[in-house]
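Engineer:
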Amino acid sequence: MPLLDGGDPIFTPIALPSGRTLRNRLVKVSLYEHLAKLLGGPPNRFHLELYSKWSAHDWGMIFTGNVLVSPQHMCLARDLVLPSSLSDEDLKPFEMLAAAIHGEREDRPMAIMQLSHAGRQSPNLLGGRFPFAAPLAPSSIRLGSSLKNNGLISDLLHRFIFQVPRAMSPADIDDVVESFVRGVKVAARTGYDGVELHAAHGYLLAQFISAKSNTRTDEYSCSPSNALRLVHRIVLETRAAVPSEFILGLKINAADYADSSIAGEVSPALDHIRTIASWGSVDFIEISGGDYEKPDFLTTDVSGVSARQAIFADFAQHARRAVESVPRAPLILLTGGLTTPAQLHSALSGRHADLLGLGRSAILRPDLPRLLRDAPAPHALFGSPPDLSVGGAWLFDRLPRIKLLGAGVAMAWYIVALRRLGTPSLAAMGPPYSVSAMGGILWMWAWFGADVDGARIYYALPLALVCVAAGLALGWVPTWA
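So the mapping is simple: this note's numbering equals the position in the sequence shown, first residue as 1, plus 29.
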C-alpha cells in the first residue's frame, strides 16, 4: 500500500485496490442521522444541507448514514430506506445526496453509501413492522437474551423493544442478498463512488458471523468455513453488478479480538479479515466494535475514549499485518476514539491503519481537515464533548443502569447536533452544548421537520407534544428550537 507522494501522511493520497485514488486519509464515517420521514424514506433537504457542510472541506471519503435495504427492518423509525421502485423520480433524492456529498470542489471526496439490515436489532413499533411482529435473524435468539445480571427493568425493556426473531429460511437469505445487491445498483446508478456493507454493531450481516446470534447448523452456520458465506455472496454479486472501479468496503467488529482472554489466541475476527482479503474484491475494511447488547460504539464517555482507542488501534494493527502479503489487499480504516491530531498521526506512523475514520468529531468540527492543515496542538481535542450530566439529566441519573439507554443518551445528543448542522437557520450556532442528557433524548424525538409535507405529521405531532411536555415537566426549557 505505497504512498503516492510525500508530505503530511494524513494528506497523502492512497490508491484503493479497485483503482480509485483517495486524495487523503480522512474519512467522514457513517453516523446515525434520524432525519428521514417517520417510518423511513429517502434523503431530504436536511440531509442535503448537512452533507454540504462536510463536502465544503477536504475529506477523502464521505459516507452516508446507514441506508436500510429492508423497510421492515429499520433501526429507529427515521432511517434512510431504499426506494420501492427504481424510477427516476424515486431515485432522484439519492442522486441529489450524492451530488451534495461530492460538492463543488474540483478535488471532490468519494461518496460512499452504507448499506445495512438491522435483523434482530430492528425494534418493536419503530422497525417498520406491525407491533410485536418478529424480525428476521439467523436464529430465533432475542436480542438481550445473553445479558446476565442486568436487572429486572433492563430485561423487561429488552423484551418489550426487541422481539424473538424468526429464523431465516434459505429463501429469506436469498431475498436479503438480492436486497443488498439492489442497494448497490441504486448507489451506482445515482452517482455514488461505492458502498460499504455494514457487518458490525450486531446488524444482520454481523449476526450471521457471531455465535451468540447464529446457532444454525446448515451452510450458513457460524462455523469457520461458513460464517462469511452470506457476506461473500453479496460481495460476489456486487462485483458482478457494477464496474470494476466501483468502491466496495466492509465494516466489521473488533469485539471478538477485544474480548479474547487467552494470550496468543488466534482471533476469529482476524481469520475473517484474512479470508475477506483473499477474495481480492474488497477495497477497505472498517474496524469498529460493539453491538446493541454491548453498545460501546454509542457512548461518549471521555474517560473511556483512550481505552477504546487502544483496543481498536491494536486490533487494526493486527488486521493490517494480516493482509499485508495478500495481493490486492484491502486498506484498513480505523474508526473510534480518534479525537486529537496526535492520535491520527500515531495511527498512521504506527501502521495501525491506512485510513482514519472520524464520526462525532466531524459533527463538532465539519471543517476538521482545514483545522488539521492549520497544525493545531498535537493533543488538543478536535471539539469539546458534551457534558451529559447536567440540566434535565437529574432524573436519568436516578434510573437503573441500562446499557442501551445510557448509550442512547450520547447518540441522541449528537443527533440533535446533526440536525442543527442540517438546518440553515441554526447551523451557525455551533454544537448545542446547552442541551442536557434528557434534553437530547426529548429533542431527538420531539422533531417532525421531515414530516411537514405529508400525512405522517399526524403521527409525529402527538409524539412531539408528549416529549416537549415531559421536558417542561422535568424543568428543562429549550434554549433553541
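Note that CB positions come from ideal geometry on N, CA and C, so glycine has one too.
These numbers were taken from a predicted model, which means no experiment stands behind them.
(1) Please classify Arg134 as buried or exposed, where buried requires at least 16 other C-beta atoms within 10 Å of its C-beta.
(2) Rounded to whole angstroms, how far is the Cβ of Ser317 from the Cβ of His230, which I believe are closer than 8 Å?
(3) Counting only runs of 3+ residues fully inside the stretch 115–175, write out the beta strand (DSSP E) ranges in chain order.
(4) In chain order, what residues of the same chain lie with their CB nearer than 8 Å to the CB of Ser208, ignoring the 5 residues before and after it?
(5) CA-CA distance, Lys280 and Leu181?
(6) In the structure shown, what three-state DSSP assignment does Phe477 receive?
(7) Does DSSP classify Phe189 as helix, strand or coil?
(8) Need the endpoints of the alpha helix (DSSP H) that Lys214 sits in, please.
(9) Just the Cα atoms here: how many angstroms apart are Ile470 and Ala269?
(10) Taking only three categories from DSSP, how would you classify Glu294?
(11) Would the stretch 79–86 count as touching the stretch 46–54 if we require 3 or more Cβ pairs under 8 Å?
(12) Is the beta carbon of Leu363 closer than 9 Å to that of Ala342?
(13) In the DSSP assignment, the alpha helix (DSSP H) including Ser375 goes from what residue to what residue?
(14) Less than 9 Å between the beta carbons of Gly157 and Gly69, yes or no?
(15) Which residue's Cα is closest to the Cα of Met458: Arg394, Ala376, Gly468 and Ala475?
(16) What do you get for His408, buried or exposed, if any count of 16 or more other CB atoms within 10 angstroms of its CB means buried?
(17) Pull up the distance between the alpha-carbon of Lys241 and that of Ser198, whole angstroms please.
(18) Using a Cβ-Cβ cutoff of less than 6 Å, which residues in the same chain neighbour Gln101 once the five nearest sequence positions on both sides are dropped?
(19) Measure the alpha-carbon distance for Leu120 versus Ser378 and round it to whole angstroms.
(20) Just the Cα atoms here: how many angstroms apart are Pro272 and Leu126?
(21) In whole angstroms, give me the CA-to-CA distance for Leu299 and Ser169.
(22) Quick check on Ser151: buried or exposed, where buried means 16 or more other Cβ atoms within 10 Å of its Cβ?
(23) Going by DSSP in three states, Ala196 sits in which element: helix, strand or coil?
(24) Can you check which of these residues, His76, Ser114, Leu64 and Pro138, is closest to Lys57 by C-alpha distance?
Structural biologist: A quick look at the data gives this:
(1) With a 10 Å radius around the Cβ and a threshold of 16 neighbouring Cβ atoms, Arg134 comes out exposed.
(2) Right, their Cβ atoms sit about 7 Å apart.
(3) Considered as a whole, the stretch 115–175 harbours 139–145 as its complete beta strand (DSSP E) runs of no fewer than 3 residues, in chain order.
(4) Here the set comprises Val98, Ser99, Leu111 and His146.
(5) Taking the straight line joining both Cα atoms gives about 33 Å.
(6) Note: Phe477 maps to coil in three-state DSSP.
(7) Three-state result, Phe189: helix.
(8) Element bounds for Lys214: Pro199 to Arg218.
(9) Separation of Ile470 and Ala269 (C-alpha to C-alpha, rounded to the nearest whole angstrom) is 43 Å.
(10) Because Glu294 sits at a pLDDT of 38, beneath the cut-off of 50, its placement in the model cannot be relied upon, and the following sentence gives the value as read from the coordinates. In the three-state scheme derived from DSSP, where H, G and I count as helix and E and B as strand, Glu294 is classed as coil.
(11) By the criterion of at least three beta-carbon pairs nearer than 8 Å, the stretch 79–86 is not in contact with the stretch 46–54.
(12) Contact check for Ala342 against Leu363 passes: the beta carbons are separated by less than 9 Å.
(13) Note, Ser375: alpha helix (DSSP H), Pro370 to Ser378.
(14) For Gly157 and Gly69, yes; Cβs fall inside 9 Å.
(15) Selection Arg394, Ala376, Gly468 and Ala475 evaluated against Met458 yields Arg394 as nearest (Cα-Cα).
(16) Exposed is the call here.
(17) Distance between the alpha carbons of Lys241 and Ser198 is about 19 Å.
(18) For Gln101, the CB contacts under 6 Å within the same chain, skipping 5 residues up- and downstream, are Gly157 and Arg158 in chain order.
(19) Computed Cα separation, rounded: 42 Å.
(20) Roughly 21 Å separates the two Cα atoms.
(21) Rounded to whole angstroms, the gap between the alpha carbons of Leu299 and Ser169 is 27 Å.
(22) Answer is buried; the Cβ neighbour count reaches 16.
(23) In the structure shown, Ala196 adopts extended strand secondary structure according to DSSP, grouped into three states.
(24) Residue Pro138 is the option with its Cα nearest to Lys57.
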